[in-house]
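Adding 2 to a residue's 1-based position in the sequence shown gives its number in my numbering. By construction, the Cβ of each residue, glycine as well, lies at the ideal position given by its N, Cα and C atoms. Following: one structure in structure tokens, then a few remarks.
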Amino acid sequence: MRRRFAQYRQTGAYRDGQAVLGFVVIALLFALPILNQNRMVLGVDAFFHLHRFYDAAMQLKTGQFNYFVSLFGFNQSGRIVNAVYGPWFAYLNGLLLLLAGSWVRWQFWSNFIIAFGGLLAGYLALRWAHVRRLYSVAGSMIMVGSLPGLSWFANQAFMSVGAMFIALAVGSGIRMLQQPNRPINPWQMGAVMALGIQVHMLSTLFMLLVLVWFALPAVFRAKRPVLMVLNGLLAAGLALLLSVNVWMPFLHVNMGNRLLRPFIELRGDIPADTLGFTWDGSHNLSLIAMALIVIAVAVLVLRNQCRPRLDFTTQWTLLGGVLLVVAGSQLLPWRMIMKDADNWLSTFQFALRFGIPGLILIVFGLLLWLQQQPIAASSGMQVATLATGVLAMGMLFTPMTDKMATQSDLKTVVGLTAYTRPKLTVKQLVADERRTDLSRLMLDGTQNYPDYLPISKKTATSLTGKDWYTKNGLDQAYLRDIVLNRLPKMKQTVVDGQLHLTWQAKRATTVTLPVVKYAETTLSLNGQMLDKVKLSRIGAPVVKQQAGRNTLILGYQTPGWLPTTQYVAAISWGLLAFGAVVAQLRRFYKEKE
3 MRRRFAQYRQ TGAYRDGQAV LGFVVIALLF ALPILNQNRM VLGVDAFFHL
53 HRFYDAAMQL KTGQFNYFVS LFGFNQSGRI VNAVYGPWFA YLNGLLLLLA
103 GSWVRWQFWS NFIIAFGGLL AGYLALRWAH VRRLYSVAGS MIMVGSLPGL
153 SWFANQAFMS VGAMFIALAV GSGIRMLQQP NRPINPWQMG AVMALGIQVH
203 MLSTLFMLLV LVWFALPAVF RAKRPVLMVL NGLLAAGLAL LLSVNVWMPF
253 LHVNMGNRLL RPFIELRGDI PADTLGFTWD GSHNLSLIAM ALIVIAVAVL
303 VLRNQCRPRL DFTTQWTLLG GVLLVVAGSQ LLPWRMIMKD ADNWLSTFQF
353 ALRFGIPGLI LIVFGLLLWL QQQPIAASSG MQVATLATGV LAMGMLFTPM
403 TDKMATQSDL KTVVGLTAYT RPKLTVKQLV ADERRTDLSR LMLDGTQNYP
453 DYLPISKKTA TSLTGKDWYT KNGLDQAYLR DIVLNRLPKM KQTVVDGQLH
503 LTWQAKRATT VTLPVVKYAE TTLSLNGQML DKVKLSRIGA PVVKQQAGRN
553 TLILGYQTPG WLPTTQYVAA ISWGLLAFGA VVAQLRRFYK EKE
């Protein structure tokens, strides 16, 4: 037994296991401030995602399912969010919320899972790029502890969740240059892209950008370029198969409606939100991140003086990272670029987002460069690199713990774009974060983001950046028509996957209902189907109520192909996971022999 264990300790699986165990400990320590303070960090996007996960949790708890419309979250408005924004990931978070039992415990476990997932994904991606284990551990900590990590742990912005998949895409991209005999592993690349689509579509655009960046030179360096292209197409087909449950409903909703896209921050009449520097990273770039960028530029500028000579893969990786960081900074004239609000770049919303894949590329490139240096084998350099990773993780504590410490009034507790109920105090809010009654926190606040609401053709064609967060903005219309629109003696219930809204009226008049109607939404008012109904700017139906009791039933015409997409995606993931386990076991026993 001891001999077998001694043999096992010499295998790569044992050393990888040590790294994974270390990541578990780091992630637990990282999530501990939530448990110690027993209060949540509510950043600028917090309530938007809390309502998403609450809706999924209540559907799981009650068995009242509707894949498209929100029956419990978003003020029970029938709004479509989860179906176009990672539905399976929302249900997983809903399940986690039910298991945790309270919002504050959910945030502890979600922070742990995301920190662990980010560390593990970064480690795997660096190993794919043939970076040594110890440097891979340090690199994963630097990535999670810098700009990619900050956006979730401090602000609950989903880009940092997607960043773990961007790292995997970078690892797959570097493989294209390092392995000219077989540049693309279609199973690996297809699974990585599918994960990105399942969780965060915007991150998938950056993943695609990264893969294209590496594919451009790789196709000319490949020994069999035709096979590389075929494997790339196979990877794309696999990604679509594994994510069919996301993109088919997404296309279904978009083809039937003109959906309001998320807030356009990149517009020509205001300064773009670009990368900024503070020593602790509380405004995107920490001292460590800035140092890495400076070193990357220096390595590129002095590449001809490097000994040994800088290889093409490292140069190309660093160049891509530096260009993306420049794209996310004030070095580009964003106000001039974005004079046209319909510019395709507005899809990315914030200029600073280019810095996320940029910084990931720089970490990969610098580690590839470092391990080529003679000093890389010295224990001093290994300890220094690992210490940098630990410091990066430690510095991420500062924005999170500072936010908790300064939560003395409501304005510092929740994001500026959130609406909170009148007379709500911090004490009440914190108490509701700890309650087992999950609905209490949902009553405390909501995010008045009008994302994915159905708008008219006239509104869509005249859309500008001024339609958000101004006096007459669509967010204010949503606040007025949905959030604050409480009808007399209004009651909302869910029956058979449909939303039932009842209220009392003194006389027959025209009224705007606090629900949202999409093309496939069905409305029945007082027993009569409403085929044609007037809608407000954000899709709220305007109807004529009768005197006395009124009942509205909101449903959704779910397409018949929806269950098939779920089965196909689930079975495909199951088969892929089974194949991966078999391949890993074969590799393990081969290594053991």
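For residue 552, the enclosing beta strand (DSSP E) stretches over residues 550–558. Using a 10 angstroms sphere on the CB of residue 257, the tally of other CB atoms stays under 16, which defines it as exposed. As the crow flies, the alpha-carbon of residue 239 is around 45 Å from that of residue 380.
Going by beta carbons, residue 192 and residue 369 fall outside the 8 Å limit.
For the 8 Å CB-CB criterion, residue 113 and residue 436 do not form a contact. Of the candidates 367, 490, 576, 357, 357 places its Cα closest to the Cα of residue 153.
Every alpha helix (DSSP H) of 4 residues or more that sits fully in the region 320–401 is shown, in chain order, as 336–339, 357–372. Taking one beta carbon from each stretch, the region 478–485 and the region 519–526 have fewer than 3 pairs nearer than 8 Å; the two do not touch. Non-local C-beta neighbours of residue 92 in its own chain, meaning closer than 7 Å and more than five positions away in sequence, comprise 54, 55, 58, 84, ordered along the chain. With respect to residue 515, residue 542 sits close: the two C-beta atoms are nearer than 8 Å. In the DSSP annotation of this structure, residue 132 is not part of any alpha helix (DSSP H), being labelled neither H nor E. In the three-state DSSP reduction, residue 563 falls in the coil class, being neither helix nor strand. For the pair residue 491 and residue 505, the Cα-to-Cα distance works out to about 5 Å. Going by beta carbons, residue 364 and residue 320 fall inside the 8 Å limit.
About 5 Å separates the Cβ atoms of residue 202 and residue 160, confirming a contact at the 8 Å cut-off. Three or more beta-carbon pairs separated by less than 8 Å link the region 17–36 to the region 114–128, which places the two stretches in contact. Looking at the DSSP output, residue 448 sits in a beta bridge with 421. Restricting attention to 290, 352, 19, 42, the CA atom closest to the CA of residue 429 is found in 42.
The straight-line gap separating the alpha-carbon atoms of residue 163 and residue 244 is approximately 19 Å.
Relative to residue 199, the option among 586, 583, 579, 571 whose CA is nearest is 571. Taking a 10 Å sphere around the C-beta of residue 574, we find 16 or more other C-beta atoms and assign the residue as buried. DSSP places residue 473 outside both helix and strand once states are collapsed to three, so it counts as coil. A straight-line Cα-Cα distance of about 12 Å links residue 397 and residue 155. Annotation: residue 547 is outside any alpha helix (DSSP H) and is labelled neither H nor E by DSSP. Only residues of its own chain outside the window of five on either side were considered, and among them 22, 25 have a CB closer than 7 Å to the CB of residue 122, listed in chain order. Under the three-state reduction of DSSP, residue 506 is assigned to strand. Contact check for residue 71 against residue 65 fails: the beta carbons are separated by 8 Å or more. As computed with DSSP, residue 527 is found in a beta bridge with 530, 554. Bounds of the alpha helix (DSSP H) holding residue 200 are 188–201. Around the beta-carbon of residue 591, fewer than 16 other beta-carbon atoms lie within 10 Å, marking it exposed. Contact annotation: the region 451–469 does not touch the region 550–567, with fewer than three C-beta pairs closer than 8 Å.
For residue 62, the three-state secondary structure derived from DSSP is helix.
When DSSP reads this structure, residue 536 sits in a beta bridge with 544. Proximity to residue 519 across 458, 569, 99, 463 peaks at 458, based on C-alpha coordinates.
In this structure, DSSP gives residue 495 an extended state, which the three-state scheme calls strand. Beta-bridge partners of residue 139 (DSSP): none assigned.
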